[in-house]
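Visitor: Note that the protein sequences, when read in sequence, are chains A and B.
Residue 302 in this note's numbering is what sits at position 302 of the first sequence, and the numbering runs on without skipping anything.
Residue 263 in this note's numbering is what sits at position 263 of the second sequence, and the numbering runs on without skipping anything.
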Amino acid sequence: MSASWIAVQNSIFQKFEEEHPGVKINYVQLSWSNGETKLAMAVAGGVPPDLALTANVDFIKEGAVVPINDYIPKGYDYFPSSLETFEYDGKIYAWPQYMVRGGIIINTSIFKERGVPLPKDGIWTWNEFVKDAQQLTFVDPKTHTKIYGFVFCPESEGWGMTQIDGVMLLQLKDGKWIFGYNTPEGISSLKRLWDLVHVYKVTPPDVGGYGSDNDSWNVFTQGRAAMTVEWGWAIGSLRSYNASIANGQTKGASPIHFTVADYPIGKLGKPMSGIVGIGSWMVFKQPTQNLEKRKLVMELASELCGPEMQMSSAFPTEGVFPTLKSASNIYAKDPDMNILSRVDGMVIEQYPLANADKIESLWTHEFQMILLNQVSIEQGVKDVAKQIDSLLGNQ
Amino acid sequence: MAIFIAFEHYSLTKGILRSNFVGFNNFIRLFNDPIFHAALINTIIFTVVTVPYGIVIALILASLINSFSPPIQSIFRSAFYLPGVISGVILSMTWIWIFDPSIGLANMVLSFLHLPTLYWLHSPTTSLLSIMLSGMLMAPGGSIILYLAGMSRIPREFYEAAELDGATSFQKWINVTIPLLEPTTLFLLVTNTIGSFQIFTSVYVMTSGGPGYSSDVLGYDIYNRAFNFYNFGQASAESLVLWAIVGTFAIFEFRRFSKVVKF
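Below you can see the structure in the form of structure tokens.
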């Protein structure tokens with residue numbers, strides 16, 4: 001997390017310690033790349049922390065965490081979806097702190113250079129989006145570099161766009177989780193993305209081979225694509241980059257002028273924003289149960305996930321969104337972030353299923369092969385459906 | 001610990017002693033998993049290509065360096081060994097830039113030679129090749145050092161005797177140098193085979209095993225199962241399988257080639 005986030009968090013810790021003499025909070029910051037692994041090893045080793053920022057539903061299935069239902073303060077108005085993600089058998093097992101949302105990030109300089117108007121108020125239809133992408137795909141006469149209208153990666157940032165047609169990787173049907181793309185609607189929605197690469201040719205042809213959103217982000221920030229789909233952190237990152245150029249910290253670089261738009265309107269008939277998931281805090285069971293300590297830990301968690309944190313300056317810096325309805329207007333005066341927060345979205349990457357990560361990995365690898373035209377959409381979906389259904393059947 | 005966990009449906013909260021025993025279930029699931037098959041085949045291809053290449057190149061380079069005076073040898077020894085002390089992650093990130101299809105050095109060279117450019121890391125047909133090239137295009141510094149050490153111990157009299165028989169430099173290399181370096185070659189064959197079967201860093205950084213599973217290898221697959229999917233049982237089973245494969249290769253190489261090696 002950013003220095004601003006840590007500063008707000010530390011002030012909450014300090015205030016908590018002052019209000020509870022004798023209580024000392026030992027905060028350990030881990031990296032995003034291996035923090036979850038270290039946490040899992042701590043749990044496996046019988047020395048879990050009292051409280052950790054994690055969305056790993058395996059901890060819920062393993063019985064390693066404590067339900068929070070009885071501890072949620074009465075005035076807290078969490079969005080239902082932020083609680084449902086961690087709900088098992090009527091009990092909620094994680095405190096939702098922030099939402100990660102995303103949309104289409106637009107390089108306004110390229111739009112201006114090509115004379116393409118920006119989508120009004122960030123809203124456009126799929127056909128308008130494709131037409132713009134086609135006009136924004138050209139060879140730069142100065143550098144002879146091919147510039148593409150759109151770039152995405154074959155991870156959830158990319159295939160998550162199918163929500164515009166009401167289709168997701170995993171969907172609830174008659175109370176049972178199914179592989180959402182193994183349906184006629186799913187195939188049809190995936191075809192939209194496939195067409196961008198192979199029919200309209202508005203993306204780099206090797207986009208299916210991208211290993212992560214780092215690849216697509218590099219293409220966008222190097223000015224080789226006019227649009228990309230990314231999460232809210234990208235807005236903060238671009239603002240920081242532009243600020244570092246403006247104040248002379250970064251020399252010899254040009255700022256990236258950008259704005260944000262919603263996902264293009266699909267079969268659902270309304271603009272949407274991607275919700276990749278919920279950042280949450282879980283309270284872990286300890287080898288020796290101390291109910292008084294647990295009460296304090298729950299109180300601390302409620303502070304970390306309460307209005308003071310969610311309405312602080314930390315959220316805009318990090319590019320994340322509140323989970324409390326009463327805090328959801330923090331971006332009223334920020335046009336770019338407001339675009340992402342004002343519309344509905346489906347949770348793309350987080351499911352209350354123990355095998356969700358494995359399913360997502362299986363699908364991402366298959367989607368790579370589909371986009372690279374190594375296998376047809378229908379065959380690719382069929383190839384992976386059996387494995388995914390098998391994993392879903394183990395719930 | 002891996003031996004126990006490989007036969008369990010390991011639970012984070014229950015630990016080794018209280019997790020459910022599942023017999024050979026993890027192994028059966030593993031052997032029926034197409035991802036494991038892909039990783040195994042890729043790892044074998046990687047080993048079969050890179051190990052002999054590395055040994056031959058090291059032998060040739062060491063032979064060339066050995067012909068120089070000691071001060072010059074030191075310069076070359078340092079130059080060839082230096083990449084070995086650089087972090088594998090940093091090297092892999094450098095190779096990502098080299099293999100970038102649009103702005104990378106590799107495609108610039110191909111374009112300059114009027115050859116078709118490739119998608120390198122982004123194509124299932126070239127992703128494993130890219131991983132192999134990233135290792136092969138760096139001189140095997142450690143192997144060169146060992147060969148130079150071996151060459152320094154070859155008695156001068158053997159070369160003098162060969163010269164008296166009218167041997168050319170190439171004949172001396174073939175008939176004196178290479179046979180007397182067989183202990184070193186055997187050692188490098190076994191250790192490099194063990195090392196190549198454990199390839200991980202470059203795959204983790206450069207391709208994450210993709211596109212598809214075209215560059216997936218056993219080391220990365222074990223890591224994925226354990227630390228991304230928390231399937232410690234199957235990961236442990238796969239690590240035991242890897243251990244068995246490496247052990248088999250090492251024993252085979254020792255038995256096959258040590259017969260001609262006189263210690």
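Don't be surprised by glycine CBs; every beta carbon is placed ideally from N, CA and C.
Within 10 angstroms of its Cβ, does Pro204 (chain A) collect 16 or more other Cβ (buried), or is it exposed?
Guide: Numbered from its first residue, the first sequence carries residue 204 (chain A) at position 204. Buried, by the Cβ-count rule.
Visitor: Assuming the contact rule is C-beta atoms closer than 8 Å, Gly158 (chain A) and Ala234 (chain A) should be a hit. Round their C-beta distance to whole Å, please.
Guide: Position 158 of the first sequence, counted from the first residue, corresponds to residue 158 (chain A). Position 234 of the first sequence, counted from the first residue, corresponds to residue 234 (chain A). Not quite, the Cβ-Cβ distance comes to about 14 Å (not below 8 Å), so this is no contact.
Visitor: Kindly list the residues whose CB is nearer than 6 Å to the CB of Tyr10 (chain B), restricted to its own chain and excluding five residues on each side of it in sequence; keep chain order.
Guide: Indexing the second sequence from 1 puts residue 10 (chain B) at position 10. Cβ within range, chain order: Ser19, Phe232 and Gly233.
Visitor: Within 8 Å of any Cβ in chain B, is that where the Cβ of Asp140 (chain A) sits?
Guide: Your numbering for residue 140 (chain A) matches position 140 in the first sequence. No, no contact with chain B.
Visitor: From the beta carbon of Leu121 (chain B), is the nearest beta carbon of chain C less than 8 Å away?
Guide: Absent from the structure is chain C; the protein chains it does hold are A and B.
Visitor: What whole-angstrom Cβ distance do Ala133 (chain A) and Gly149 (chain A) have, given they're in contact under 8 Å?
Guide: Sequence index remark: in the first sequence, residue 133 (chain A) carries index 133 (1-based). Sequence index remark: in the first sequence, residue 149 (chain A) carries index 149 (1-based). The pair is a contact, with the Cβ atoms about 3 Å apart (cut-off 8 Å).
Visitor: One question on the structure: do Val246 (chain B) and Ile194 (chain B) come within less than 8 Å of each other, judged by their Cβ atoms?
Guide: In the second sequence, residue 246 (chain B) corresponds to position 246, counting from 1. In the second sequence, residue 194 (chain B) corresponds to position 194, counting from 1. It is a contact, given that the beta carbons lie within the stated cut-off.
Visitor: Look at the alpha carbon of Lys358 (chain A) and the alpha carbon of Tyr230 (chain B), and state the distance between them as a whole number of angstroms.
Guide: One-based indexing of the first sequence puts residue 358 (chain A) at position 358. One-based indexing of the second sequence puts residue 230 (chain B) at position 230. So the alpha carbons of these two residues sit roughly 9 Å apart.
Visitor: Could you check whether the Cβ of Leu372 (chain A) sits closer than 8 Å to any Cβ belonging to chain B?
Guide: Locating residue 372 (chain A) in the first sequence gives position 372, counting from the first residue. Cβ-Cβ to chain B under 8 Å: yes for Leu372 (chain A).
Visitor: When the distance is taken between beta carbons, is Gly160 (chain A) closer than 8 Å to Ile339 (chain A)?
Guide: As a first step, residue 339 (chain A) must be located in the first sequence, where it is residue number 339. As a first step, residue 160 (chain A) must be located in the first sequence, where it is residue number 160. Not closer than 8 Å, so no.
Visitor: Mind checking if Thr207 (chain B) is an interface residue toward chain A, Cβ cutoff 8 Å exclusive?
Guide: Counting from 1 along the second sequence, the entry for residue 207 (chain B) is found at position 207. True, the Cβ-Cβ gap to chain A drops below 8 Å.
Visitor: Just how far apart, CA to CA, sit Phe170 (chain B) and Leu64 (chain B)?
Guide: In the second sequence, the residue the question calls residue 170 (chain B) occupies position 170. In the second sequence, the residue the question calls residue 64 (chain B) occupies position 64. Those two C-alpha atoms are separated by around 12 Å.
Visitor: Check whether the Cβ of Arg342 (chain A) lies closer than 8 Å to any Cβ atom in chain B.
Guide: By one-based count along the first sequence, residue 342 (chain A) stands at place 342. For Arg342 (chain A), the answer is no, since every Cβ of chain B falls outside 8 Å of its Cβ.
Visitor: Quick test of your reading: Ser127 (chain B) and Pro211 (chain B), contact by CB under 8 Å. State the CB separation rounded to the nearest angstrom.
Guide: The count along the second sequence starts at 1 and reaches residue 127 (chain B) at position 127. The count along the second sequence starts at 1 and reaches residue 211 (chain B) at position 211. With 8 Å as the limit, Ser127 (chain B) and Pro211 (chain B) qualify as a contact, their Cβ atoms being about 6 Å apart.
Visitor: Applying a beta-carbon distance threshold of less than 8 Å, which residues of chain B neighbour Ser361 (chain A)?
Guide: Taking the first sequence and counting its residues from 1, one reaches residue 361 (chain A) at position 361. Result: Asn224, Asn228 and Phe229.
Visitor: In angstroms with no decimal places, state the Cα-to-Cα distance between Gln395 (chain A) and Leu186 (chain B).
Guide: Here residue 395 (chain A) refers to the residue found at position 395 when the first sequence is read from its first residue. Here residue 186 (chain B) refers to the residue found at position 186 when the second sequence is read from its first residue. Confidence in Gln395 (chain A) is poor, its pLDDT being 47 and thus under 50, which makes the residue's placement unreliable; the coordinate value appears in the next sentence. Spanning the two alpha carbons is a distance of roughly 51 Å.
Visitor: Can you look up Tyr159 (chain B) in the DSSP assignment and give me helix, strand or coil?
Guide: What you label residue 159 (chain B) is simply residue 159 of the second sequence in a count that begins at 1. In this structure, Tyr159 (chain B) counts as helix in the three-state DSSP scheme.
Visitor: Near Gly142 (chain B), what residues of its chain come up, given a Cβ to Cβ distance below 8 Å and the 5 sequence neighbours on each side ignored?
Guide: Along the second sequence, one-based indexing puts residue 142 (chain B) at 142. If we look at Gly142 (chain B) and ignore the five residues flanking it on each side, its Cβ neighbours are Tyr81 and Gly84.
Visitor: When the Cβ atoms of the region 73-86 of chain A are set against those of the region 100-110 of chain A, are three or more pairs found closer than 8 Å?
Guide: Verdict: no, contact absent.
Visitor: Check whether the Cβ atoms of Met282 (chain A) and Thr85 (chain A) sit closer than 8 Å, and answer yes or no.
Guide: Translated into the one-based positions of the first sequence, residue 282 (chain A) becomes position 282. Translated into the one-based positions of the first sequence, residue 85 (chain A) becomes position 85. For Met282 (chain A) and Thr85 (chain A), no; Cβs fall outside 8 Å.
Visitor: Hey, does Thr37 (chain A) have any beta-carbon neighbour from chain B nearer than 8 Å?
Guide: Against the first sequence, residue 37 (chain A) aligns to sequence position 37. Chain B, which has a Cβ nearer than 8 Å to the Cβ of Thr37 (chain A), makes this yes.
Visitor: Count the other CB atoms within 10 Å of the CB of Ala226 (chain B); is the residue buried (16 or more) or exposed (fewer)?
Guide: Along the second sequence, read from residue 1 onward, the residue named residue 226 (chain B) stands at position 226. Result: buried.
Visitor: Please classify Ala314 (chain A) as buried or exposed, where buried requires at least 16 neighbouring CB atoms within 10 angstroms.
Guide: For this step, residue 314 (chain A) is matched to residue 314 along the first sequence. That one is buried.
Visitor: For a contact defined as C-beta to C-beta under 8 Å, what are the partners of Leu12 (chain B) on chain A?
Guide: In the second sequence, counting from the first residue as 1, residue 12 (chain B) sits at position 12. Neighbours of Leu12 (chain B) on chain A, chain order: Ala40, Val43, Ala44, Asp58, Phe59, Glu62 and Ala64.
Visitor: Do the region 12-28 of chain B and the region 223-239 of chain A touch if we need at least three Cβ pairs shorter than 8 Å?
Guide: Result no; under three Cβ-Cβ pairs closer than 8 Å.
Visitor: Determine the chain B residues that contact Arg224 (chain A) at a beta-carbon separation under 9 Å, and present them in chain order.
Guide: Start at 1 with the first residue of the first sequence, and residue 224 (chain A) comes out as number 224. Those within 9 Å of Arg224 (chain A) in chain B are Ser102 and Ile103.
Visitor: In whole angstroms, give me the CA-to-CA distance for Met138 (chain B) and Leu164 (chain B).
Guide: Counting from one through the second sequence, the residue named residue 138 (chain B) turns up at place 138. Counting from one through the second sequence, the residue named residue 164 (chain B) turns up at place 164. Spanning the two alpha carbons is a distance of roughly 38 Å.
Visitor: Below 8 Å, can you find three or more Cβ-Cβ pairs linking the region 211-230 of chain A to the region 137-151 of chain A?
Guide: In short, these stretches touch, since the Cβ pair count reaches three.
Visitor: Just the C-alpha distance for Pro352 (chain A) and Asp89 (chain A), rounded to the nearest angstrom, thanks.
Guide: The count along the first sequence starts at 1 and reaches residue 352 (chain A) at position 352. The count along the first sequence starts at 1 and reaches residue 89 (chain A) at position 89. Pro352 (chain A) and Asp89 (chain A): Cα-Cα distance of roughly 11 Å.
Visitor: When you compare the CB of His365 (chain A) with every CB in chain B, is at least one pair closer than 8 Å?
Guide: Your numbering for residue 365 (chain A) matches position 365 in the first sequence. Yes, contact with chain B.
Visitor: When DSSP labels each residue in this structure, what does Thr259 (chain A) get in the three-state scheme?
Guide: As a working note, residue 259 (chain A) is residue 259 in the first sequence. Of the three classes helix, strand and coil, the one that applies to Thr259 (chain A) here is strand, per DSSP.
Visitor: Between Gln139 (chain A) and the rest of its own chain, which residues show a CB-CB distance below 8 Å, the 5 nearest in sequence each way excluded?
Guide: One-based indexing of the first sequence puts residue 139 (chain A) at position 139. The sequence shown places Val at residue 139 (chain A), not Gln. These residues qualify, in order along the chain: Thr145, Lys146 and Ile147.
Visitor: Is DSSP giving Pro205 (chain A) helix, strand or coil here?
Guide: Here the question's residue 205 (chain A) lines up with position 205 in the first sequence. If DSSP states are grouped into helix, strand and coil, Pro205 (chain A) belongs with coil.
Visitor: To the nearest angstrom, how far is the alpha carbon of Phe68 (chain B) from that of Ser74 (chain B)?
Guide: As a first step, residue 68 (chain B) is located in the second sequence; it is residue number 68 there, counting from the start. As a first step, residue 74 (chain B) is located in the second sequence; it is residue number 74 there, counting from the start. Whole-angstrom Cα-Cα distance: 10 Å.
Visitor: Using 8 Å as the limit for Cβ to Cβ distance, is Gly212 (chain B) near chain A?
Guide: Numbered from 1 along the second sequence, position 212 holds the residue referred to as residue 212 (chain B). Yes - at least one Cβ of chain A is within 8 Å of the one on Gly212 (chain B).
Visitor: Note down, in chain order, all residues in the region 119-150 of chain B with a beta-carbon under 8 Å from any beta-carbon belonging to chain A.
Guide: Within the region 119-150 of chain B, the residues whose Cβ lies closer than 8 Å to some Cβ of chain A are Tyr119, Leu121, His122, Ser123, Pro124 and Ser127, listed in chain order.
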